[in-house]
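To start, the structure itself, in structure tokens.
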Amino acid sequence: MKITSMHRTRVGSWSPSRSGKSSLSKPRYLLWVLDVGLILLVSALLSLAALSPITLVSAKAPSWHRVALPLGLGGLISTINCFSSTSCRIGGEGPKGAVLLNSTDSGTSWHSVGLPLSHGAQILTINCPSSTTCLAGGMGGSTRAALLRSGNGGVTWHRVALPPGLGLRRLHAGAIITITCPSSTTCLLAGLSPKGAVLLRSTDTGSSWDSVAHPPGLAHDSSGLGAIYTITCPSSTTCLAGGQGTNGPVLLRSTDTGISWDSVALPPGPELPRHNLDAIRTINCPSSTTCLAGGLGPKGAVLLRSTNGGTSWDSVTLPSNLGLHAHTRSVFGAIGTIACPSSTTCLAGGQGAKGAVLLRSTNGGTSWDSVTLPPDLAGLEHNSSGLGIIYTIACPSSTTCLAGGGGNKGPVLLSTSSTTGSRLTSTLIVLGGVVVLLLILGVVALALRRRRSARSGAL
152 MKITSMHRTR
162 VGSWSPSRSG
172 KSSLSKPRYL
182 LWVLDVGLIL
192 LVSALLSLAA
202 LSPITLVSAK
212 APSWHRVALP
222 LGLGGLISTI
232 NCFSSTSCRI
242 GGEGPKGAVL
252 LNSTDSGTSW
262 HSVGLPLSHG
272 AQILTINCPS
282 STTCLAGGMG
292 GSTRAALLRS
302 GNGGVTWHRV
312 ALPPGLGLRR
322 LHAGAIITIT
332 CPSSTTCLLA
342 GLSPKGAVLL
352 RSTDTGSSWD
362 SVAHPPGLAH
372 DSSGLGAIYT
382 ITCPSSTTCL
392 AGGQGTNGPV
402 LLRSTDTGIS
412 WDSVALPPGP
422 ELPRHNLDAI
432 RTINCPSSTT
442 CLAGGLGPKG
452 AVLLRSTNGG
462 TSWDSVTLPS
472 NLGLHAHTRS
482 VFGAIGTIAC
492 PSSTTCLAGG
502 QGAKGAVLLR
512 STNGGTSWDS
522 VTLPPDLAGL
532 EHNSSGLGII
542 YTIACPSSTT
552 CLAGGGGNKG
562 PVLLSTSSTT
572 GSRLTSTLIV
582 LGGVVVLLLI
592 LGVVALALRR
602 RRSARSGAL
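The structure is reproduced here in structure tokens:
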């Protein structure tokens, strides 16, 4: 009898069919498919993990480190503005006049930008309503207060004419202190003039400006300095402004994007009476309803909180161990800047009896804790030659914040970002690539082994 086939009864072995064609039996075929599929799935997951940035989030307060600034900067960092997670700008003053720096890496490195300003000028505020249009204001040196505009993302700047008759052409009392843009075309700016507070409004992204009427009590007199120091807009129509007037601190509110303004009552009590230094210096709103305002009063630093979009305010208790409640002729506590990278996390900076102060809140400004600055930040403490202060804070992302100010050793820029995370991510990418390569080689080797086994079983 002629033998036409070879038959083996072991499950999963090769067995010629009656047609003479060989095929893989179902149990072993399924196992092979599952093996390969599992390896490919693990490879894909490891590839995604390796190629994705990894952020380590901690519930503890972020650590701060000093950022190197261009040589010869000198002076003080007055303002920081971050349009995106990577694009930031610094304004201030140096030994040769106004200083403006640009960063494209979230504040890790900076380079100087030329400005059309004379000696003695200072940049006090920067705002970028779009990725290409930026506005900067301050003092223009010995000639007049200055407003600058850039149409190429802050690379080059030109001066913008201000409305006549506002007294903004005198150095000693003329300055643009704050600029904010609630939309890509509407912007508001404020400051002071020899006649008192100034409020201007633009509807063409800062190309031209018109004066805005504000409540009385913001004019100069022998006992007070009328000025608006801060403006913020928690929504497209609601805006808040803070400053000082002839009767002490001033809070204003607008519900028509800055066209008209009304005075807002401050909390009663001895914290905010009339004084020639008392003022609201900063306002920030982490949400459309929650807003925070900081400044100084006769007993030192003041911090207020609103839960209804700035309609009414309550006082917030500050830590008692930082000298924030000092108020003498030479040293006084003050909150000068507030930034909120999220709806719950906020940072506040200023000065106390011993120098610069940095605070942090994780509950939307209801309570605050002091942030310990590392010991290598010498120069932010008070001494006979300098006054340590955190003057401005900006957060380009939820984990990276920048704080600027000055002390007895010149300007200081701090950051919470760290190159450790970048190195960790790079290492994981390399290791992930190696793992993926090994897994691919493993798949190929497995396939070849299965193929050899199949051939040997068919013999």
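With the first letter of the sequence shown counted as 1, position 167 gets the number 318 in my numbering; the numbers rise by one all the way through. Note that the Cβ used here is the ideal one computed from N, Cα and C, for glycine as well.
Alpha carbon of residue i to alpha carbon of residue j, nearest angstrom
i           : j           : result
residue 312 : residue 521 : 43 Å
residue 209 : residue 549 : Note that residue 209 scores a pLDDT of 35, beneath 50, so its modelled location is shaky and nothing firm can be said.
residue 472 : residue 297 : 39 Å
residue 442 : residue 456 : 6 Å
residue 572 : residue 218 : Confidence at residue 572 is low in this model, with a pLDDT of 35, below 50, so the placement of that residue is unreliable and no value is reported for it.
residue 576 : residue 498 : Residue placement at residue 576 is flagged as unreliable, the pLDDT there being 36, under the threshold of 50; a coordinate-derived value is accordingly withheld.
residue 303 : residue 568 : 27 Å
residue 508 : residue 449 : 18 Å
residue 558 : residue 540 : 6 Å
residue 227 : residue 458 : 34 Å
residue 461 : residue 446 : 16 Å
residue 305 : residue 283 : 7 Å
residue 411 : residue 381 : 16 Å
residue 290 : residue 240 : 18 Å
residue 417 : residue 515 : 20 Å
residue 328 : residue 272 : 13 Å
residue 560 : residue 224 : 11 Å
residue 369 : residue 363 : 13 Å
residue 281 : residue 335 : 6 Å
residue 488 : residue 315 : 31 Å
residue 464 : residue 247 : 42 Å
residue 562 : residue 251 : 13 Å
residue 475 : residue 542 : 15 Å
residue 207 : residue 268 : Residue placement at residue 207 is poorly supported in this model, since its pLDDT is 30, which falls under 50; the coordinates are not used for a value here.
residue 274 : residue 309 : 14 Å
residue 249 : residue 265 : 9 Å
residue 379 : residue 343 : 7 Å
residue 231 : residue 409 : 23 Å
residue 245 : residue 413 : 37 Å
residue 340 : residue 331 : 6 Å
residue 440 : residue 546 : 20 Å
residue 407 : residue 392 : 13 Å
residue 243 : residue 307 : 17 Å
residue 503 : residue 390 : 29 Å
residue 263 : residue 556 : 17 Å
residue 254 : residue 261 : 5 Å
residue 220 : residue 524 : 18 Å
Of the listed residues the options, nearest to residue i (C-alpha basis)
i           : options            : result
residue 492 : 229, 227, 235, 224 : 235
residue 337 : 243, 355, 540, 539 : 355
residue 517 : 501, 494, 505, 412 : 494
residue 216 : 259, 233, 462, 402 : 259
residue 360 : 475, 308, 300      : 300
residue 146 : 466, 546, 560      : Absent from the structure is residue 146, since the part of the chain shown begins at 152 and ends at 610.
residue 452 : 490, 408, 500      : 500
residue 506 : 483, 513, 488      : 483
residue 345 : 331, 376, 261, 330 : 376
residue 366 : 431, 333, 402      : 402
residue 357 : 278, 432, 347      : 278
residue 431 : 469, 486, 221, 405 : 486
residue 326 : 287, 333, 565      : 287
residue 270 : 564, 262, 295, 503 : 295
residue 470 : 229, 496, 490, 512 : 512
residue 333 : 524, 454, 405, 551 : 405
residue 553 : 490, 523, 221      : 490
Start-to-end residues for the beta strand (DSSP E) that takes in residue i
i           : result
residue 305 : Taken as a continuous stretch (DSSP letters only), residue 305 belongs to no beta strand (DSSP E), as it is neither H nor E.
residue 486 : 485-490
residue 636 : Because the chain spans 152 through 610 in this model, residue 636 falls outside it and cannot be assessed.
residue 472 : No beta strand (DSSP E) holds residue 472; DSSP gives it neither H nor E.
residue 228 : 227-233
residue 138 : With the chain covering only 152 through 610, there is no way to say anything about residue 138.
residue 552 : No beta strand (DSSP E) contains residue 552, which DSSP labels as neither H nor E.
residue 498 : 497-503
residue 341 : 338-344
residue 522 : Careful: residue 522 lies outside any beta strand (DSSP E) and carries neither H nor E.
residue 457 : 451-457
residue 433 : 430-435
residue 442 : 442-448
residue 410 : Premise fails: residue 410 is in no beta strand (DSSP E) and is neither H nor E.
residue 237 : First-last for residue 237: undefined, no H or E at that position.
residue 392 : 390-396
residue 353 : 347-353
beta-carbon residue i near the ligand MG non-hydrogen atom, thresh 7 Å
i           : result
residue 405 : No copy of the ligand MG occurs in the structure displayed, which carries no ligand at all.
**Prompt:** Is the stretch 382-392 touching the stretch 431-446 in the sense that three or more CB pairs, one from each, lie closer than 8 Å?
**Reply:** With a cut-off of 8 Å, the stretch 382-392 and the stretch 431-446 count as touching, because enough Cβ pairs lie within range.
**Asked** If you scan the stretch 243-302 from start to end, which runs of the beta strand (DSSP E) of 3 or more residues do you find wholly inside it?
**Response** Runs found: 248-254, 273-278, 285-290, 296-301.
**At least three beta-carbon pairs within less than 8 Å, the stretch 391-404 to the stretch 351-358** = In this structure the stretch 391-404 does not lie against the stretch 351-358, because fewer than three pairs of beta carbons, one per stretch, are closer than 8 Å.
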